[in-house]
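Report on the following structure.
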Amino acid sequence: MLRYQIKLKLKTTIKNKLLASAYLKRAELIYRNLRKKFNGEPEITISLFDDREEFCRAIGNGKNKAPDWLVAFIPSRSRSYIYIFDPAKKMSKKMVQILTHEICHIYLNILNSSLPDWVKEGVAVYIAKQVYFTTISVKDWHAIAPKKIPFQNTPWHKTIDYNGFNIAGLIISFFVERFGWNDFLRILRAYKKRETIYKTIVKIFPVYNVESLIGELEEIYVK
């Protein structure tokens, strides 16, 4: 009996067929793993480019207007489409992490598209194993939590210069360790726009309050 089907397509014009094959095989493995985590089977199309100009045009940034660091992209709230730029001869560990990160975004957009950017990025960073620093500097903490609540009063794009991705990943890892993966998914599903994820947690787990939760997080990670 067919228990589930991998609904995955790879669109590419690159000449390196071995690289294209590696991407498809790796994407299928990631898909299987995330299907178990999120209990879903989205139809995903991955467009793989080895030409920078083609990649930029495909994502709507015109000729080479995307920043150099941008090598992967999904349209806002996309539930299907991923764009990857990789001119390498073989798939690197870094690109495996990036592919995992982007596929995770598809699942998160299906789960709850209203989630704050920092939560989506934090979950993707956590799952893709892109947390590279296990502590948060006092300077970075004050930048992303000027009113004591991380990411609440600071736009996501402004936190990037203060290790926003890494901090978001650390906070998500803290939540998963504290509540377990299944209850963490409950939190993500229950989140409603214009409230903080911390308030959602307190609604589901009233034994906590926002101040104590953030205080515990700060005590563990801010050094």
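Mapped onto numbering that gives the first Met the number 0, the consecutive letters of the sequence shown carry residue numbers 0 to 222. For every residue, glycine included, the Cβ atom is placed at its ideal position computed from N, Cα and C.
- Query: Does the distance from the C-beta atom of Tyr-131 to that of Asn-165 stay below 9 Å?
  - Reply: Within the sequence shown, numbered from 1, the residue matching residue 131 stands at position 132. Within the sequence shown, numbered from 1, the residue matching residue 165 stands at position 166. Yes, Cβ-Cβ distance for Tyr-131 and Asn-165 is below 9 Å.
- Message: Run through the DSSP bridge pairs and tell me what Ser-46 is partnered with.
- Response: Position 47 of the sequence shown, counted from the first residue, corresponds to residue 46. According to DSSP, which records beta bridges pairwise, Ser-46 is partnered with Lys-10, Tyr-82.
- Message: For a quick check, are the C-beta atoms of Ile-83 and Leu-33 less than 9 Å apart?
- Response: Taking the first residue of the sequence shown as 1, we reach residue 83 at position 84. Taking the first residue of the sequence shown as 1, we reach residue 33 at position 34. Contact flag unset, no.
- Exposure label - Leu-187; buried when at least 16 CB within 10 Å: In the sequence shown, the residue the question calls residue 187 occupies position 188. Here Leu-187 is buried. Its C-beta has 16 or more other C-beta atoms within 10 Å.
- Spell out the partners DSSP gives Ala-71 in its beta bridges. Along the sequence shown, one-based indexing puts residue 71 at 72. DSSP, once it has assigned bridges, lists Ile-83 as partnering Ala-71.
- Message: Please tell me whether Ile-43 and Ser-79 are closer than 9 Å, where the distance is taken between their beta carbons.
- Response: What you label residue 43 is simply residue 44 of the sequence shown in a count that begins at 1. What you label residue 79 is simply residue 80 of the sequence shown in a count that begins at 1. Yes, the pair counts as a contact, with Cβ atoms nearer than the cut-off.
- Query: Between Ser-113 and Lys-35, which are expected to be in contact by the criterion C-beta below 8 Å, what is the C-beta distance as a whole number of angstroms?
  - Reply: Locating residue 113 in the sequence shown gives position 114, where the first residue counts as 1. Locating residue 35 in the sequence shown gives position 36, where the first residue counts as 1. Rounded, the Cβ-Cβ distance is 24 Å, inconsistent with contact.
- Is the Cβ-Cβ distance between Tyr-220 and Ile-135 less than 9 Å? Against the sequence shown, residue 220 aligns to sequence position 221. Against the sequence shown, residue 135 aligns to sequence position 136. If you check the CB distance, Tyr-220 and Ile-135 come in under 9 Å.
- Could you check if Pro-149 is buried or exposed, using at least 16 other CB atoms within 10 Å of its CB as the buried criterion? The residue labelled residue 149 in the question sits at position 150 within the sequence shown. Pro-149 comes out buried.
- Query: Do you know offhand how far Val-70's Cα is from Leu-107's?
  - Reply: Within the sequence shown, numbered from 1, the residue matching residue 70 stands at position 71. Within the sequence shown, numbered from 1, the residue matching residue 107 stands at position 108. Answer to the nearest angstrom: the Cα atoms are 20 Å apart.
- Query: Nearest to Ala-144 by CA position, among Leu-9, Leu-17, Leu-216, Lys-89, is which residue?
  - Reply: Reading the sequence shown from its first residue, position 145 is the one you call residue 144. Ranking the options by Cα distance to Ala-144, first place goes to Leu-216.
- How close, in whole Å, do the beta carbons of Phe-48 and Ile-13 come, if the pair is a contact with beta carbons under 8 Å? Here the question's residue 48 lines up with position 49 in the sequence shown. Here the question's residue 13 lines up with position 14 in the sequence shown. Going by Cβ atoms, the distance from Phe-48 to Ile-13 rounds to 7 Å, so yes, they are a contact pair.
- Query: Which value, in whole angstroms, describes the spacing of the CA atoms of Ala-57 and Gly-179?
  - Reply: One-based indexing of the sequence shown puts residue 57 at position 58. One-based indexing of the sequence shown puts residue 179 at position 180. Rounded to the nearest whole angstrom, the CA to CA distance from Ala-57 to Gly-179 is 38 Å.
- Run the CB neighbour count on Val-137, radius 10 Å, all protein chains shown included, and call it buried at 16 or more, exposed below. Walking along the sequence shown from the start, residue 137 turns up at place 138. Around the beta carbon of Val-137, fewer than 16 other beta carbons sit within 10 angstroms, so the residue counts as exposed.
- Message: Please state the DSSP three-state secondary structure of Phe-135.
- Response: Against the sequence shown, residue 135 aligns to sequence position 136. Residue 135 is actually Ile in this sequence, not Phe. In this structure, Ile-135 counts as strand in the three-state DSSP scheme.
- Query: Shortest alpha-carbon distance to Trp-68 belongs to which of Gly-39, Lys-89, Pro-74, Lys-93?
  - Reply: The residue labelled residue 68 in the question sits at position 69 within the sequence shown. For the residues Gly-39, Lys-89, Pro-74, Lys-93, the minimum Cα distance to Trp-68 belongs to Lys-93.
- Query: In three-state DSSP terms, what is Val-206?
  - Reply: Here residue 206 refers to the residue found at position 207 when the sequence shown is read from its first residue. Reduced to three states, the DSSP call for Val-206 is coil.
- Query: Given that a residue counts as buried once 16 or more other Cβ atoms are within 10 Å of its Cβ, and exposed if not, what is Asp-85?
  - Reply: Here residue 85 corresponds to residue number 86 of the sequence shown, with the count starting at 1. Sixteen is the threshold: when 16 or more other Cβ atoms of the shown chains lie within 10 Å of the Cβ of Asp-85, as they do, the residue is buried.
- Query: Between Thr-195 and Trp-117, what straight-line distance do the alpha-carbon atoms span, to the nearest angstrom?
  - Reply: Against the sequence shown, residue 195 aligns to sequence position 196. Against the sequence shown, residue 117 aligns to sequence position 118. Distance between the alpha carbons of Thr-195 and Trp-117 is about 11 Å.
- Neighbour-count burial assignment, Ser-46, 16 or more Cβ in a 10 Å radius: Here residue 46 refers to the residue found at position 47 of the sequence shown. Buried is the label assigned to Ser-46, since at least 16 other Cβ atoms lie within 10 Å of its Cβ.
- Query: Whose CA, out of Lys-8, Pro-66, Phe-54, lies closest to the CA of Pro-41?
  - Reply: Along the sequence shown, one-based indexing puts residue 41 at 42. Checked all of Lys-8, Pro-66, Phe-54; the closest Cα to Pro-41 is Lys-8.
- Task: Inspect the beta-carbon positions of Gly-168 and Trp-155 and report whether they are closer than 9 Å.
- Result: Counting from one through the sequence shown, the residue named residue 168 turns up at place 169. Counting from one through the sequence shown, the residue named residue 155 turns up at place 156. Gly-168 is not a Cβ neighbour of Trp-155, given a cutoff of 9 Å.
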